[in-house]
Each structure stands twice: as C-alpha cells, then as structure tokens.
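Residue numbers (my numbering), protein chains in the order written: chain A, 1 to 189; chain B, 1001 to 1239.
Where a beta carbon is used, it is the ideal one built from N, C-alpha and C, also for glycine.
Just so we're clear, the structure is a prediction, and the values are computed from it rather than from any experiment.
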Ligand code: SF4
C-alpha cells in the first residue's frame, strides 16, 4: 500500500516545475522548490494528496550564502507520510509570503520565526512579539547575533568553580566541568 | 604566638538585660526551623526533583517542610533552575511580597552561574546579584537526597541564627536594585516599597540608599489600588 502511495505522490510532484524530489524513505520525502512555487506546491499537497496537517515551519540561517532556508513540514493522516518542502529566500530584505490562508497554524510558526529571525511574512495575521515580549535586542537566532558578547555586556559572570562551590563538591554535590571543556570558544583545537 | 592564637578566640559579648530573652530567641529560632513552607514556584527543569522530594518517596514533611501556594504565607523561595530574564522579574516580585524572615535557596548549577545556559541571552546568570541567596544546592539537577540535605542544612542555619540574608536585601537594597535596573531598564519598579519596609523593620543600612534608589525615586509612579467590582459581567455575546 505505502509503496503505491509513494509512487503516486512522486508522479503528482512532477507536475511542478523546477522541483527536486528526494525520497528519503517510503514515508518521508524531501522536496526543494523555488520560493515562488511553494504556495502552489502546498495547495496541491493539501488539496489533492491529503497533506492537511502543517506540523512545523523551521528556519535555518545560511549567513555565508546570504539566504534563509524555510522548511515546511506537512503530514498526511491518510498515507501516514511526511513531506518537507525546502525553500531558500534572500536574507535581505527577508520577506516571504504567509501560508496562513492554506494552513491556519502557520500563523503561530510564522510569528515565532519573525521574532527569532526577523523574517517578515506578508499576509500573516499577527507579527507582534510572541515569547520575547520583554526583549528589545536584535532577533537572537540570526547568526550575526553574538550571544557571548551580549551576555558579557549585559550580565556578569562568575568563576565556574568558586571556593564555596568546592566545599559542596567535597561533600559530593556540584558538577565540575572545566571551562575549556564547556565553552566552545575556549576549546583547545 | 600564644597571643595571636588567643586573639582568634571569638569573644561573645553578653547582651545586657533579661537573661531569658536569649533563651526565648533560641526557642523561636528552633520552632521556626521546624516549620517551613516552601513556595510552589518552579522556574527551571530542576523542579522535577521536587515532587519525589515532597511526596512519599523521600517525604519532606517528616522534616516539617511543606509546599505552600502563596508567597505571603511561605518562608522559602526555592529557585529550581535557570531563571530567564522574564521569569526573574516575577521572581523578584514574588520575593518582595514574602513576609520576613524569608530564605532563598538556589537549586541547580544554573542559579550559580548560568549552568549549561551560560551563553544564553535569555537567562540571568548569578541569582545572588538580584536577591540574597541563603544556600545553593549545586548539581544538574541535584537529586532529591541532595535537596533534602540542603534543606536540612538550611534548617541548621536557621536554628543557629545564621540564615539572615533576607536582612541583607534591606541593608544593601541599592546594590540589588542596581543590578535589577541594569537588566530591566531604568524605570524598573516593583509594587513593594522596600525602603519604607526597611525603615519599619529598622534595617536601614549604609547600602540601603544610593544612586540606584535615587534613580528609582525619579521614575517611581505611585501605585493605585485595583478597582474592586462585584458581579463581574461577562462580555455580551456578539450577535
Ligand atoms: S542546572 Fe541543569 S537541571 Fe538545573 S535548571 Fe540548569 S540545566 Fe536544568
């Protein structure tokens, strides 16, 4: 059964131009599409193939390529399979279309991505702050945001092994992880 | 040689007045250490060790420690793990509303210096910069045995009169307020008027007032009582 569905899905996907389909397993497909073809693809998947559940939208910042990658994961309850549609958009100005009219849960994911990466989704119902309501720095998941520099500026630091902690360690409490093992920036290469 | 050793012997100054007062203080402290209420407020993942510590497996109640749901009626504020900066605001509000004497216990390495979130933009690193901490229980996360042994230590400290860091919040309010302002912005204000409380408890210290409290006074807005309304009406359904 699932072989059949897979075969049928592959045929369906061929209808879209510029698409690259990579089948990972009988129940998992990765498709790479040009950004402007994504709404059509999702419409097709939702309307004709039963992929009615948008499980997540994820985002990757490829700073060296100057691009964001957006991944739309859609799930079908009929064929029990997942399609991940990958698109790339330019990092500047970082604007893309909302898929809210196709999948309403997208509002939630898009708002989150907007907050964390600063991507603006046109047509999304709400681009207000979401979790970081009290944050006024830059979007923190962008690669150019230097978390370590930020905390050095705003928060103070104390030795991982202050003397009073050693007292606790002697009694069998506490964790000792030397900073060179814990901090990537101090790791010996 | 002998002299220098002699000098190290602590000299306890006898209090004048009623000799029984001291006995009474000891009794009060003993009783206090035997009836502790922990505020049920969990900040991070370390909180997951509390249910076994409280319930039948390790049973904290045999030590006289119980959970309590409201800050006004609790003695111990357990900070069970990382505090995000948003949470820290709430923790400070909660702490200030607790009645004295109150004790803060930092569970987990995250409260010591950020733990595995040392590099995160979202969590505060050193809890003792924002409120005085009586005791840390380090570990990621500490097992219920460690939590209980830590609380036992707190009980000992209360009994011996050593756990008085809550007074430090009044005596050095300027320092704590300064750190809070650094993180939350200059117009940070809590509903509790710590300076008036410090005067009331006669705990004004050298560090109570300073540049940061002056800054607070500039921004401070008088608090208004919440409007009381009886028979709260639900919104009319839209036709
Ligand atoms: S110390 Fe470990 S268990 Fe505790 S809050 Fe931090 S990460 Fe979680």
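- For the C-beta of residue 150(A), the chain B residues within less than 8 Å are, from N- to C-terminus, 1121.
- In this structure, residue 1120(B) sits near residue 147(A), with a CB-CB distance shorter than 9 Å.
- Between residue 1099(B) and the set 1062(B), 1127(B), 1146(B) and 1169(B), the nearest pair of CA atoms involves 1169(B).
- Here DSSP, grouped into helix, strand and coil, assigns residue 1080(B) to strand.
- When the five nearest sequence neighbours on each side are left out, the beta carbons in the same chain lying within less than 6 Å of the beta carbon of residue 139(A) are those of 116, 117 and 118, in order along the chain.
- DSSP, reduced to helix, strand and coil, places residue 1173(B) within a helical segment of the structure shown.
- Taking residue 1135(B) as reference, the option from 1114(B), 1113(B) and 1103(B) with the minimal CA-CA separation is 1103(B).
- For residue 90(A), the enclosing beta strand (DSSP E) stretches over residues 81-90.
- Under the DSSP assignment, residue 112(A) falls outside any beta strand (DSSP E), being part of the alpha helix (DSSP H) whose first and last residues are 106-117.
- Straight-line measurement puts the Cα of residue 102(A) at about 7 Å from the Cα of residue 43(A).
- Contact residues of ligand 1 (beta-carbon closer than 6 Å to any heavy atom; chain order) are 1044(B), 1045(B), 1046(B), 1081(B), 1082(B), 1108(B), 1109(B), 1110(B), 1115(B), 1116(B), 1140(B) and 1141(B).
- With its beta carbon at least 9 Å from every one in chain A, residue 1048(B) lies outside the interface.
- CA-CA distance, residue 41(A) to residue 16(A), rounds to 7 Å.
- Taking a Cβ-Cβ threshold of 9 Å, the residues of chain A close to residue 1124(B) are 155, in chain order.
- In this structure, DSSP gives residue 4(A) a helical state, which the three-state scheme calls helix.
- Non-local beta-carbon contacts of residue 107(A) in its own chain, meaning distances under 7 Å to residues more than five positions away in sequence, involve 100, 124, 125 and 126 in chain order.
- Taking a 10 Å sphere around the C-beta of residue 1075(B), we find 16 or more other C-beta atoms and assign the residue as buried.
- For residue 1204(B) and residue 1195(B), the gap between their C-alpha atoms comes out near 8 Å.
- Residue range 1194-1200 is occupied by the alpha helix (DSSP H) that includes residue 1198(B).
- Annotation: residue 1151(B) to residue 1127(B) spans about 18 Å, alpha carbon to alpha carbon.
- Counting only residues of its own chain and dropping the five nearest sequence neighbours on each side, residue 1176(B) has a CB closer than 7 Å to the CB of 1130, 1131 and 1169.
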